[in-house]
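Position 94, counted from 1, in the sequence shown is what UniProt numbering calls 94; the numbers after and before it change by one each time, with no gaps.
For each residue, glycine too, the CB sits at the ideal point set by N, CA and C.
In this text the structure is predicted, and so the values were computed from the model without any measurement.
Report on one structure; see the data block that follows.
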Amino acid sequence: MPVWVQMVGFIYVGATLGFVTWIWFCVGETIGRSNWEIAQLFQMRVPARQWATFPLHYMEEDDSSPPKDDPRDVTHVVPPTASESSVAAMSSLLKYFWGSGSSQAPPSHPQPMTITSTTIPPGIYIVRNVAASTVADLADAKSQEESQVVGWHFHNGKHQRWQIADAGHSQVFFLNDGTGTYLTADEHPTAGVILTTGSLVSPTNKRARWTIESAKTKQAYIIRNVADPSRVLDLSSSDPQNGTPILIYTDRGTKNQQWTLEQLDAPPPPGVIKNTPVGGKGGTAFEEFKYTAVQVVETWSGEVEDETVVRGLRWTWDDGTKSKMYGADQGDHQVLVLGPGTKVKKSSVNSGKRVDSIVIVTEDGDEFKAGGNGGEEHKQDVGDGVLVGFSGASGLDVDRIGFIFVKKDGGQ
C-alpha cells in the first residue's frame, strides 16, 4: 500500500476520534450542569431540616454527628465539575467499545437477613439502655391507647416494669406491668422517625412482637421488631435526659441500641462449685462463668516441648454468648456439643507443667477427650452436672484449668 494512502488513513482516524472526544466532553458538561441544577432545585423545594422538637437520632457510638450516608443530611452536596463529568462519559464510552456491553455493573441482589434469637425466661424485667443507663418507661404512667415509651431514670415504678411473655415462633411480647399494654412500634413515622408506644393491639400484630438476640456488649441484648426486622429498639441519640423517645431505628450496632434485661422476679442464683485449677504456674489468671449452662466446648491441642497439651479453650452458653479465647486457637480443633438438658456425669483434668488433657463424660455415656496422654489425673467435682464455665490461667497456651459446675439441688 502506498505511503500516502496510509497517511490519509491515519489522519482520518485521528480526526474521527478527536471529534467523538469533543462531542462527549460537551455531553458530560451538560449532564454535570443538569444534575447539579436538578439537585439545587430539589433542595430549594424540600426543607433541609423539618423534624420534631426532640433530639434527632444521629448517634454512632459517641459521635453525635449524622452518618455520612444518612439520607437526612443534605448539607454536603457537591456539584460535579465539567472535567469529572467528561471523564465519566469517556470512561463509559471506552467500556462500551472494549466489550463490557454496559457502563454500569449489574445490580447486586440483597442478601436475606439472618437473625438468631435468644431465649429469655418469662418474667418481670427492667429494660435498661447500655449507653445512657436509663430504663424504658411508659410516659406519665398512662393506661390509655398509644402512650409514648421514653427513657427515664430508674425509680422502680410499675410503669418501668415489663413482663416478657412468650409469643411463639421465637418471639416475645413486652407487656407493661402498670397498664397491661403492649410495647408497640408505631405504624406510621412521626416527623421522620418511628416511635414506640404502650398500645392495646391484637397479639397477632407484628408491630407488638419482638425478637431478642445477644449484643456485642456482654449481658446485653438487641430487641428487634418483627414487623420490620431491619429496625431495633433504640434510645434516641443516647440522650440520658428523662423523656427521651425510644424508637425503632435501623440497626447500627451502637450502644444506644443495646439493652440489659434485669429480671425482678427471678429466683436467687444457684450456688456453684469452683474446682481448683490444676496445671502449670504461668499465664494470666481467668474465671468466667454464668448462671446458664454451657452448650458448646471448643478445644485446640498440639505439641509443646514434645508433649501434646491443650493449647486453647473457648465455650458457648445456652443463650448464644461466647467466652473469651484462652490460649491459642492453633492445633487440633475439637468441639463438644452438650444438648439441651444434657448433664456431665464425670470430668477430669490431667496435668503436669501444663494442661495435658481434659475429659468430659455425659450422663448418656458419651466421652470427650482433648489433649495428650501425659500428666496426673485430677477428678473434678461435677455437682449437679450442669457445667457453667471454667477458671484457670493462660498465655500462649492453657497453663491450668478448673471446671465450674452448679451445686447439687442448686445449693447456695
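Whole-Å CB distance - residue i paired with residue j, under 8 angstroms assumed
i, j, result
"Asn256", "Ala393", "Wrong, their Cβ atoms sit about 37 angstroms apart, outside the cutoff."
"Asp399", "Gly282", "5 angstroms"
"Thr197", "Glu146", "4 angstroms"
"Ala208", "Tyr182", "4 angstroms"
"Ser214", "Thr316", "That belief does not hold up - the Cβ atoms of Ser214 and Thr316 are roughly 10 angstroms apart, past 8 angstroms."
"Lys407", "Ile273", "6 angstroms"
"Leu138", "Val149", "6 angstroms"
"Ser170", "Thr204", "Not a contact, Cβ separation roughly 16 angstroms."
Status (buried if at least 16 other CB within 10 Å, exposed otherwise) for residue i
i, result
"Gln40", "Residue confidence is low: Gln40 scores 39 on pLDDT, short of 50, so the model does not pin down where it sits. Its coordinate-derived value is still stated next. With fewer than 16 other Cβ atoms within 10 Å, it is exposed."
"Thr134", "buried"
"Val335", "exposed"
"Asn225", "buried"
"Ala136", "buried"
"Gly365", "exposed"
"Gln330", "exposed"
"Glu187", "exposed"
"Asp140", "exposed"
"Pro269", "exposed"
"Thr239", "The amino acid occupying residue 239 in the given sequence is Asp; Thr does not appear at that position. Its Cβ being crowded by 16 or more others within 10 Å, Asp239 is buried."
"Ser199", "buried"
"Gly168", "exposed"
"Thr276", "exposed"
"Asp409", "exposed"
Which listed residue (the options) has its alpha carbon closest to that of residue i
i, options, result
"Lys216", "Lys324, Asp381, Ser238", "Lys324"
"Glu303", "Arg128, Gly312, Ile222", "Gly312"
"Asp166", "Gly151, Pro121, Leu138, His188", "Pro121"
"Gly402", "Lys408, Asp329, Ser391, Asp409", "Ser391"
"Glu376", "Arg354, Gly395, Asp228, Gly383", "Arg354"
"Glu307", "Asp397, Leu235, Lys345", "Asp397"
"Val388", "Asp319, Ile212, Ala370", "Asp319"
"Ala185", "Ile223, Val386, Asp332", "Ile223"
"Glu305", "Gly374, Thr118, Thr204, Glu146", "Gly374"
"Ser163", "Leu264, Thr342, Gln148, Val296", "First, the residue type needs correcting, since residue 163 is Gln and not Ser in the sequence shown. Closest by alpha carbon: Leu264."
"Leu338", "Gly192, Asn242, Val296", "Val296"
"Gly385", "Gly341, Glu367, Tyr125, Gly371", "Gly341"
"Lys322", "Asp251, Ser199, Ala293", "Ala293"
"Lys206", "Pro269, Phe173, Thr299", "Phe173"
"Gly280", "Gly395, Arg161, Asp409, Gly123", "Gly395"
"Asp251", "Gln160, Thr284, Arg231", "Arg231"
"Val201", "Lys369, Ala266, Leu175", "Leu175"
"Val382", "Trp300, Gly271, Ser301, Thr284", "Gly271"
Simplified DSSP assignment, three categories, for residue i
i, result
"Arg207", "helix"
"Asn129", "strand"
"His159", "helix"
"Ala136", "strand"
"Lys322", "strand"
"Asn256", "helix"
"Lys408", "helix"
"Ser170", "coil"
"Ser238", "helix"
"Glu376", "strand"
"Trp51", "Low confidence applies here, because Trp51 scores a pLDDT of 32, under 50, leaving its location unreliable and the question unanswered by this model."
"residue 416", "Only positions 1 to 412 of the chain appear in this structure, which leaves residue 416 out of reach."
"Arg224", "strand"
"Phe154", "coil"
"Ser103", "In this prediction, Ser103 has a pLDDT of 34, which is less than 50 and means its spatial position is unreliable; nothing more can be read from the coordinates."
"Ser91", "Low local confidence applies: a pLDDT of 42 at Ser91 is under 50, so the model's placement there is unreliable, with the coordinate-based value given in what follows. Note: Ser91 maps to helix in three-state DSSP."
"Gly402", "strand"
"Gln330", "coil"
"Arg354", "coil"
"Asn176", "strand"
"Tyr182", "strand"
Sub-8 angstroms separation of residue i and residue j beta-carbons
i, j, result
"Ser351", "Val359", "no"
"Tyr291", "Trp259", "no"
"Ser236", "Pro229", "no"
"Thr362", "Lys379", "no"
"Leu247", "Ile194", "yes"
"Ile404", "Phe289", "yes"
"His153", "Asn242", "yes"
"Gly371", "Val310", "yes"
"His333", "Glu367", "no"
CB contact check: residue i to chain B, cutoff 8 angstroms
i, result
"Arg354", "The structure shown contains no chain B; it is built from a single protein chain."
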